[in-house]
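Peer 1:
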Amino acid sequence: MKKRVLLGMSGGVDSSVAAILLIEQGYEVIGATMKLWKDEKNSEGCGSSIVADDAKRVCNILGIEHYVLDFRKEFKTCVIKNFIDTYNQAMTPNPCIQCNKYMKFNYFYKKALELKCDYIATGHYAKTEYSKKYNQYVLKKSNAGKKDQSYVLYNIPNNIIEKVIFPLGEFTNKEEIRKIAIKHNLDVAKKPDSQEICFIPDNNYINFLNKNSENKQNPGNIINKNGKVLGKHTGLINYTIGQRKGLGISNSTPLYVIELNKNKNEVIVGEEKDIYSNELIATNINYTLNIDLQKEVEVQAKIRYNANMDNAILYPLEENKAKVIFEKPQRAITKGQSVVFYLEDILLRWRNNNLNKRGCVLCFNQEE
409 MKKRVLLGMS GGVDSSVAAI LLIEQGYEVI GATMKLWKDE KNSEGCGSSI
459 VADDAKRVCN ILGIEHYVLD FRKEFKTCVI KNFIDTYNQA MTPNPCIQCN
509 KYMKFNYFYK KALELKCDYI ATGHYAKTEY SKKYNQYVLK KSNAGKKDQS
559 YVLYNIPNNI IEKVIFPLGE FTNKEEIRKI AIKHNLDVAK KPDSQEICFI
609 PDNNYINFLN KNSENKQNPG NIINKNGKVL GKHTGLINYT IGQRKGLGIS
659 NSTPLYVIEL NKNKNEVIVG EEKDIYSNEL IATNINYTLN IDLQKEVEVQ
709 AKIRYNANMD NAILYPLEEN KAKVIFEKPQ RAITKGQSVV FYLEDILLRW
759 RNNNLNKRGC VLCFNQEE
């Protein structure tokens with residue numbers, strides 16, 4: 409009897425080709441598109457009519473079932489609320505990580521169980537496999553280089569990793585995927601990648617927050633590291649760590665945002681060197697590999713999705729914390745990000761809040 413797989417389909421080329429590959433591998437595939445946000449005119453956001461229709465058309469061509477799962481209530485509670493609350497706390501969230509954690513690998517997985525599926529799958533560029541070295545299933549980097557998406561998947565629950573399939577994990581570039589779609593006469597073969605936050609199709613998050621948040625942004629002072637007032641800001645949500653342009657202040661040397669102080673409603677600025685740090689404290693850690701964490705561990709680490717992977721040493725601390733010292737200073741360690749660790753190509757997968765040496769809290773979300 410064929411193993412059943414519930415495949416998350418976004419109407420794009422990646423998930424469409426994932427369906428083809430799973431069928432070729434002998435699985436019984438069921439396609440499902442999650443309806444996550446209100447369906448605005450001409451929107452291609454998560455679960456919109458356009459997206460769902462594209463996914464359904466692919467499923468019809470491939471001869472597989474297709475479902476639309478209405479998770480709008482859950483998405484609003486788990487992702488939208490977190491997005492708004494995180495910005496209101498002067499942090500920079502990444503809703504994709506929240507969506508993966510709660511929607512794809514929680515509610516979607518539960519739906520798979522209801523449909524008597526053995527596995528779930530998505531079109532992410534990552535791998536899952538059994539590691540003899542660690543005697544457990546692990547999440548690994550894909551072969552796709554900079555397009556690898558293992559970073560945004562670090563919080564997949566450990567108990568379901570063996571139930572997750574990433575059919576695109578062995579591919580090295582997107583063109584290989586598009587060629588497969590063309591070979592199977594799929595219209596989505598040339599569909600461009602989505603670049604914006606799915607529920608903010610115009611990419612104007614400031615406008616979204618102003619419309620959907622009950623918290624009103626108040627102007628405040630822009631100060632330097634010594635506390636000298638240099639100007640006024642228009643609300644903390646309008647600024648990010650590392651920002652240079654749009655500050656509305658003049659100085660003999662370029663100034664950058666180095667911290668947002670919510671309690672005092674202040675934007676702190678400094679010189680470019682001030683936005684670099686080679687240390688942070690990771691807290692609220694949940695490691696998921698069978699290794700000895702009573703002593704320091706050499707790892708590679710990323711502080712955001714598009715950041716380079718750099719060498720670092722992890723020093724376990726008490727109270728479920730760890731100190732991380734990078735070989736190279738990291739630019740703009742930002743409130744709201746995750747630090748994710750790798751042992752070679754395997755994720756150590758620590759969920760965390762992070763503190764940089766100035767004491768800026770970093771949450772479990774990523775930036776981009």
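Taken in order, the sequence shown gives residues 409 to 776; the numbers are from our numbering.
For every residue, glycine included, the Cβ atom is placed at its ideal position computed from N, Cα and C.
On the CB-based measure, 16 or more other CB atoms within 10 Å of its CB, does Pro501 come out buried or exposed?
Peer 2: Buried is the call here.
Peer 1: Tell me where the beta strand (DSSP E) around Ile438 begins and ends.
Peer 2: Taken as a continuous stretch (DSSP letters only), the beta strand (DSSP E) holding Ile438 covers 436-443.
Peer 1: Buried or exposed for Pro737, please, with buried defined as at least 16 other CB atoms from any protein chain shown within 10 angstroms of its CB.
Peer 2: Under this definition Pro737 is an exposed residue.
Peer 1: If contact is defined by three or more beta carbon pairs under 8 angstroms, each pair taking one atom from either stretch, is the stretch 525-543 in contact with the stretch 561-575?
Peer 2: In short, these stretches touch, since the Cβ pair count reaches three.
Peer 1: Taking buried to mean at least 16 other C-beta atoms within 10 Å of its own C-beta, is Ser658 buried or exposed?
Peer 2: Exposed is the call here.
Peer 1: By alpha-carbon positions, which one of Arg586, Arg480, Asn581, Lys731 ends up nearest to Gln701?
Peer 2: The residue asked about is misnamed: residue 701 is Leu in this sequence, not Gln. Nearest option by C-alpha distance: Lys731.
Peer 1: Give the list of continuous beta strand (DSSP E) stretches no shorter than 3 residues that lie fully inside the stretch 599-634.
Peer 2: List check, beta strand (DSSP E) in window: 628-632.
Peer 1: Do Gly639 and Phe516 have their C-beta atoms within less than 8 angstroms of each other?
Peer 2: Going by C-beta atoms, Gly639 is not nearer than 8 angstroms to Phe516.
Peer 1: Determine which residues share a DSSP beta bridge with Lys535 and list them.
Peer 2: In the DSSP output, where bridge partners are listed per residue, Lys535 has Lys548.
Peer 1: Where Pro565 and Asn728 are concerned, what is the direct C-alpha to C-alpha distance, given to the nearest angstrom?
Peer 2: Using only the alpha carbons, I get a separation of about 18 angstroms.
Peer 1: How big is the Cα-Cα spacing for Val421 and Ile585?
Peer 2: In a straight line, the C-alpha of Val421 is about 7 angstroms away from that of Ile585.
Peer 1: Is it the case that the CB of Leu688 approaches a heavy atom of the ligand FAD more closely than 7 angstroms?
Peer 2: The model on display carries no ligand, and the ligand FAD is accordingly not part of it.
Peer 1: What's the gap between the Cα of Leu725 and the Cα of Gly419?
Peer 2: Answer to the nearest angstrom: the Cα atoms are 45 angstroms apart.
Peer 1: So does the stretch 538-547 actually touch the stretch 429-447, counting three or more Cβ pairs closer than 8 angstroms?
Peer 2: Because the criterion of three Cβ pairs below 8 angstroms is not met, the stretch 538-547 and the stretch 429-447 do not touch.
Peer 1: Given a threshold of 16 other Cβ atoms within 10 Å of its Cβ, counted over all protein chains shown, does Ala709 qualify as buried or as exposed?
Peer 2: Under this definition Ala709 is a buried residue.
Peer 1: Identify, in the order they occur along the chain, each residue of the same chain with its Cβ nearer than 6 angstroms to the Cβ of Leu644, setting aside the five sequence neighbours on each side.
Peer 2: Cβ neighbours of Leu644 beyond the five flanking positions: Ala498, Leu668.
Peer 1: Just to confirm, are Ile630 and Leu594 a CB contact at a threshold of 8 angstroms?
Peer 2: Not closer than 8 angstroms, so no.
Peer 1: Whose C-beta lies closer than 6 angstroms to the C-beta of Lys633 among residues of the same chain, with five residues either side of it excluded?
Peer 2: Contacts found: Gly678.
Peer 1: Between Ile754, Ile733, Lys524, which lies nearest to Ile721 when the distance is taken from Cα to Cα?
Peer 2: Here the closest residue by C-alpha is Ile733.
Peer 1: Assign Arg778 to one of two classes, buried (16 or more other C-beta atoms within 10 Å of its C-beta) or exposed (fewer than that).
Peer 2: What the structure shows of the chain is the stretch from 409 to 776, and residue 778 is not part of that stretch, so it cannot be assessed.
Peer 1: Report back the beta-carbon spacing between Thr536 and Ile588 to the nearest angstrom; my notes put them in contact at under 8 angstroms.
Peer 2: The Cβ separation is near 21 angstroms, so there is no contact.
Peer 1: Indicate the three-state DSSP secondary structure (helix, strand or coil) for Ile431 in the structure shown.
Peer 2: Here Ile431 sits in helix by DSSP.
Peer 1: Ile666: which of Ser457, Glu622, Arg739 sits nearest, CA to CA?
Peer 2: Among Ser457, Glu622, Arg739, the Cα nearest to that of Ile666 belongs to Arg739.
Peer 1: Taking just the CA atoms, how far does Arg652 sit from Tyr527?
Peer 2: One C-alpha to the other measures close to 46 angstroms.
Peer 1: What is the DSSP secondary structure of Gly553, reduced to helix, strand or coil?
Peer 2: Looking at Gly553 - three-state DSSP - the assignment turns out to be helix.
Peer 1: Kindly provide the ranges of any beta strand (DSSP E) runs that are 3 or more residues long and lie completely inside the stretch 721-763, ordered along the chain.
Peer 2: Those beta strand (DSSP E) runs which fall completely within the stretch 721-763 and span 3+ residues are 729-739, 748-751.
Peer 1: Which one of Arg412, Ala715, Asn623, Lys443 has the shortest CA to CA distance from Gln557?
Peer 2: The option with the nearest alpha carbon to Gln557 is Ala715.
Peer 1: Along the chain, where does the beta strand (DSSP E) containing Leu415 start, and where does it finish?
Peer 2: Looking at the DSSP string, the run of the beta strand (DSSP E) that includes Leu415 is 412-416.
Peer 1: Does the Cβ-Cβ distance between Ile438 and Cys525 come in under 8 angstroms?
Peer 2: Yes, they are a contact pair.
Peer 1: Cα-Cα, which of Ile741, Val459, Glu752 is closest to Asp601?
Peer 2: Among Ile741, Val459, Glu752, the Cα nearest to that of Asp601 belongs to Val459.
Peer 1: Give the range of the beta strand (DSSP E) segment to which Gln506 is assigned.
Peer 2: First-last for Gln506: 503-507, but that is the alpha helix (DSSP H), not the beta strand (DSSP E).
Peer 1: Could I get the ranges of all uninterrupted beta strand (DSSP E) runs contained in the stretch 687-714, with 3 residues as the minimum, in chain order?
Peer 2: DSSP runs (the beta strand (DSSP E)) wholly in the stretch 687-714: 705-710.
Peer 1: Kindly list the residues whose CB is nearer than 6 angstroms to the CB of Lys571, restricted to its own chain and excluding five residues on each side of it in sequence; keep chain order.
Peer 2: Tyr527, listed in sequence order.
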